[in-house]
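This report refers to the structure that appears directly beneath it.
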Amino acid sequence: MAAPRAPLLQLLLLVVAVLVAAAPVRRAAGAGEFDVRRHLSTVTRYDVARGSSSVNSMPPIPDGCHVIHLNLVARHGTRAPTKKRIKELDRLAIRLEALMNEAKQGLKSDSLKKVPSWIKGWESRWKGRTKGGELTSEGEEELYNLATRVKERFQDLFDDEYHPDVYSIRATQVSRASASAVAFGLGLLSGKGKLGPGKNRAFSVLSESRASDICLRFFDSCETYKAYRKRKEPDVQKQKEPILEHVTAALVNRYHLNFTTQDVSSLWFLCKQEASLLNITNQACGLFNEAEVYFLEWTDDLEGFVLKGYGESINYRMGVPLLKDVVQSMEEAIIAKEEHHPDGTYEKARLRFAHAETVVPFSCLLGLFLEGSDFEKIQREEALNVPPMPPQGRNWKGSVVAPFAGNNMLVLYQCPGKTSDASTSGGQNNSYFVQVLHNEVPVSMPGCSNKDFCLFEEFKEKIVKPHLKHDYNMICKINPPVASEEPASFTTKVSSFFAGLFSQKGYRAVSAESVKTEL
50 MAAPRAPLLQ LLLLVVAVLV AAAPVRRAAG AGEFDVRRHL STVTRYDVAR GSSSVNSMPP
110 IPDGCHVIHL NLVARHGTRA PTKKRIKELD RLAIRLEALM NEAKQGLKSD SLKKVPSWIK
170 GWESRWKGRT KGGELTSEGE EELYNLATRV KERFQDLFDD EYHPDVYSIR ATQVSRASAS
230 AVAFGLGLLS GKGKLGPGKN RAFSVLSESR ASDICLRFFD SCETYKAYRK RKEPDVQKQK
290 EPILEHVTAA LVNRYHLNFT TQDVSSLWFL CKQEASLLNI TNQACGLFNE AEVYFLEWTD
350 DLEGFVLKGY GESINYRMGV PLLKDVVQSM EEAIIAKEEH HPDGTYEKAR LRFAHAETVV
410 PFSCLLGLFL EGSDFEKIQR EEALNVPPMP PQGRNWKGSV VAPFAGNNML VLYQCPGKTS
470 DASTSGGQNN SYFVQVLHNE VPVSMPGCSN KDFCLFEEFK EKIVKPHLKH DYNMICKINP
530 PVASEEPASF TTKVSSFFAG LFSQKGYRAV SAESVKTEL
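Going by this note's numbering, the residue at position 406 of the sequence shown is 455; the numbering climbs one at a time, nothing skipped.
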């Protein structure tokens, strides 16, 4: 994606300068319509992102249709700052202290009167922590409550006795993802066991090694994507610079502190952490006015669009193994129905818990959050324009696309109509339909004539099939493993034996050891 040409860049600078200068001072959360917690991009809490959405306002399902299978692809819930980000906040504390000392030594004695009181002596809430990125209690509640609503909404689907082959729960080998899976499982199976006052029961969470998990962590093994991201990150920073420079100038003028663009970037990160994790909106967030928040949010959304979303086709093409897995699970459910398998003998739900880097590409594969005729463009693999800048509206907002616990559910329905004993890969079968729910709300699919209830065969033909011409190993430049001629050691043979003994369909139980990662 090319950087804006000089005349366009100058125009953007002018627009930013005028809007930022003219914007009213940010209102506190809850005063009027503006709430900074709704503008934190992918750091937005799930309950805030959902807003007033309710299943009671959903369009009705056609008469006679009933759900037979559910696919869930969910991001982990609200997390603590990662170790890398904790260090950034520690550096910010040192920097704020230096700015305060510098202001005290200035010629204007009244300069400190403009400095917010919280800055004086500020220390990071996470100071001294050597580990981070774990699921918070708020994140646990997000997934537990999501499961409770899913179970209530699809009661007939979850009335079978639990078995890991009927209700498959999978997560990546990252603690916040597996913990999210556990929280969801507790909500889903609450009251169905004999453990404790809540009558809980044990359940299985399966995970594959990060090195080979191309369903949920396809970005880890895709060398093409890694190269693209490394090459594109400096360009994204350049596109964000005009915003950061103008916001920095505004804050320097407003508070008489010599902030740098790096200071402002760290303060915006602090704002997002305080508002999302601590519900504090009157400290770091209080430094910015509404327009500045809108523009800073846009810079985050721009980064997500270019590096994880529609900015380049490799971002989502590498997610094809996940799309195949979703479609395969639905085809297997259809076969089970066509062959009249009894309940409890086939899978009814495949529940996955991963990351924004998983959910965002998957949403792109489905063609969600596009502008106008963009769906036809991605089918032709044409480049898309970046999301429109404020004050223009846009469909691509990180707070909607992938907030904490953000999710896509693909619900498979069997409806009255033509049935066939033929394989689902053959002629069209009018009995099965797919509904896509994003954050529990039905969304229209451009590939299905903007319907939110799509014939399964049409879904496969219009949305899935164009992506299937791309092979993961080819687009990601993965070479097939070469068999070693050296005989395996006794230790390797024993390890392989136990790995096979405890594995199931290529997945293995989640290790108790946490895996270090910054994703």
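Built from N, CA and C at the ideal position, the CB exists for glycine as well.
Among the residues of its own chain, which have a CB less than 8 Å from the CB of Asp501, if the five just before and after it don't count?
Residue numbering aside, residue 501 sits at position 452 when the sequence shown is read from its first letter. These residues qualify, in order along the chain: Pro108, Gln484, Val485, Pro491, Val492, Ser493 and Met494.
Assess, as a yes-or-no matter, whether the region 234-254 is touched by the region 207-221 under the definition of 3 or more beta carbon pairs within less than 8 Å.
yes
On the three-state DSSP scale, how would you describe Ala432?
The residue you call residue 432 lines up with position 383 of the sequence shown. Ala432 falls in the coil class under three-state DSSP.
N- and C-terminal bounds of the alpha helix (DSSP H) containing Ser258
In the sequence shown, counting from the first residue as 1, residue 258 sits at position 209. Counting along the chain, Ser258 falls outside any alpha helix (DSSP H), and DSSP gives it neither H nor E.
For Tyr30, which three-state DSSP category applies?
Because the chain is modelled from 50 through 568, residue 30 falls outside the range shown and cannot be assessed.
Buried or exposed: Thr93, going by 16 or more other Cβ atoms within 10 Å of its Cβ?
Here residue 93 refers to the residue found at position 44 of the sequence shown. With 16 or more other Cβ atoms within 10 Å, it is buried.
Shortest alpha-carbon distance to Asp374 belongs to which of Gln286, Ala123, Arg87 and Arg399?
For the purposes of this step, residue 374 is taken as the residue at position 325 of the sequence shown. Considering only alpha carbons, the answer is Arg399.
With a threshold of 7 Å, establish whether the CB of Arg134 neighbours any heavy atom of the ligand SAM.
Looking for the ligand SAM in the displayed structure turns up nothing, as the structure carries no ligands at all.
Let me check understanding here. Comparing Cα to Cα, which of Tyr481, Thr179, Glu341 and Thr394 lies closest to Leu300?
If you number the sequence shown from 1, residue 300 lands on position 251. Answer by Cα proximity: Glu341.
Where does Gln377 fall in DSSP's three states?
Taking the first residue of the sequence shown as 1, we reach residue 377 at position 328. Reduced to three states, the DSSP call for Gln377 is helix.
Any idea what DSSP makes of Pro491, helix, strand or coil?
Position 442 of the sequence shown, counting from 1, holds the residue named residue 491. Pro491 falls in the strand class under three-state DSSP.
Nearest CA to the CA of Phe233: which residue from Leu371, Gly155, Arg198 and Gly247?
Locating residue 233 in the sequence shown gives position 184, where the first residue counts as 1. For the residues Leu371, Gly155, Arg198 and Gly247, the minimum Cα distance to Phe233 belongs to Arg198.
Assess, as a yes-or-no matter, whether the region 424-441 is touched by the region 153-169 under the definition of 3 or more beta carbon pairs within less than 8 Å.
no
Among Phe424, Gly447 and Lys133, nearest to Ser362 - alpha-carbon criterion
By one-based count along the sequence shown, residue 362 stands at place 313. Per the Cα distances, Phe424.
Taking C-beta to C-beta, are Asp182 and Thr131 nearer than 8 Å?
Residue mapping note: residue 182 aligns to position 133 of the sequence shown, counting from 1. Residue mapping note: residue 131 aligns to position 82 of the sequence shown, counting from 1. The amino acid occupying residue 182 in the given sequence is Gly; Asp does not appear at that position. In contact: Gly182 and Thr131 (Cβ atoms closer than 8 Å).
Every unbroken alpha helix (DSSP H) inside the region 189-275 [4 residues or more]
224-238 and 267-270
Where the alpha helix (DSSP H) through Ala98 begins and ends:
Position 49 of the sequence shown, counting from 1, holds the residue named residue 98. Here the alpha helix (DSSP H) through Ala98 covers Tyr95 to Arg99.
The alpha helix (DSSP H) with Val408 in it runs from where to where?
To locate residue 408, count along the sequence shown from 1; it is residue 359. Looking at the DSSP string, the run of the alpha helix (DSSP H) that includes Val408 is Ala405 to Leu414.
Nearest by alpha-carbon distance to Ala228: which of Phe207, Asp209 and Ser256 is it?
Within the sequence shown, numbered from 1, the residue matching residue 228 stands at position 179. Comparing Cα positions, the closest option is Ser256.
Would you tell me roughly how many angstroms separate the C-alpha atoms of Gly496 and Met379, rounded to the nearest one?
Here residue 496 refers to the residue found at position 447 when the sequence shown is read from its first residue. Here residue 379 refers to the residue found at position 330 when the sequence shown is read from its first residue. Roughly 18 Å between the two C-alpha positions.
Buried or exposed for Ser545, going by 16 or more other Cβ atoms inside 10 Å?
Taking the sequence shown and counting its residues from 1, the one referred to as residue 545 is at position 496. Since pLDDT at Ser545 reaches only 46, below the 50 mark, its modelled position is unreliable, and the value read off the structure follows with that caveat. So Ser545 counts as exposed.
Backbone secondary structure at Val164 - three-state DSSP
Residue numbering aside, residue 164 sits at position 115 when the sequence shown is read from its first letter. Three-state result, Val164: coil.
Can you name the start and end residues of the alpha helix (DSSP H) that Gln463 belongs to?
Looking up residue 463 in the sequence shown gives position 414. Here Gln463 belongs to no alpha helix (DSSP H); instead the beta strand (DSSP E) covers Asn456 to Gln463.
What does a CB cutoff of less than 6 Å around Tyr365 pick up in its chain, not counting 5 residues either side in sequence?
Mapped onto the sequence shown, residue 365 falls at position 316. Within the same chain, Tyr365 has close Cβ partners Pro410, Cys413 and Leu414.
Would you kindly report the start and end of the unbroken beta strand (DSSP E) that includes Arg124?
As a working mapping, residue 124 is identified with position 75 in the sequence shown. His115 to Arg124 is the extent of the beta strand (DSSP E) around Arg124.
Own chain, CB closer than 7 Å to Lys386, minus 5 neighbours either side, in chain order:
Counted from its first residue, the sequence shown places residue 386 at position 337. Result list for Lys386: Ile117 and Gln463, in chain order.
Endpoints, the alpha helix (DSSP H) within which Met367 is located
The residue given as residue 367 occupies position 318 in the sequence shown. Note, Met367: premise wrong, no alpha helix (DSSP H); not H, not E.
Buried or exposed: which applies to Asp112, given that a residue is buried once 16 or more other Cβ atoms fall within 10 Å of its Cβ?
What you label residue 112 is simply residue 63 of the sequence shown in a count that begins at 1. Exposed is the call here.
Euclidean distance between Cα positions of Gln322 and Asn120:
For the purposes of this step, residue 322 is identified with residue 273 of the sequence shown, where counting begins at 1. For the purposes of this step, residue 120 is identified with residue 71 of the sequence shown, where counting begins at 1. Spanning the two alpha carbons is a distance of roughly 31 Å.
In chain order, what residues of the same chain have a beta carbon less than 8 Å from the beta carbon of Asn488, not counting five sequence neighbours either side?
Counting from 1 along the sequence shown, the entry for residue 488 is found at position 439. Cβ within range, chain order: Tyr95, Ala98, Arg99, Ser102, Val449, Pro452, Gly455 and Asn456.
CA-to-CA distance, Gly177 to His516, given in whole angstroms:
Within the sequence shown, the letter at position 467 stands for residue 516. Within the sequence shown, the letter at position 128 stands for residue 177. Their Cα atoms are separated by approximately 47 Å.
Suppose the cutoff is 8 Å on Cβ atoms and the five residues either side in sequence are ignored; what does the same chain contact list for His519 look like?
Along the sequence shown, read from residue 1 onward, the residue named residue 519 stands at position 470. The residues are Arg366 and Val369.
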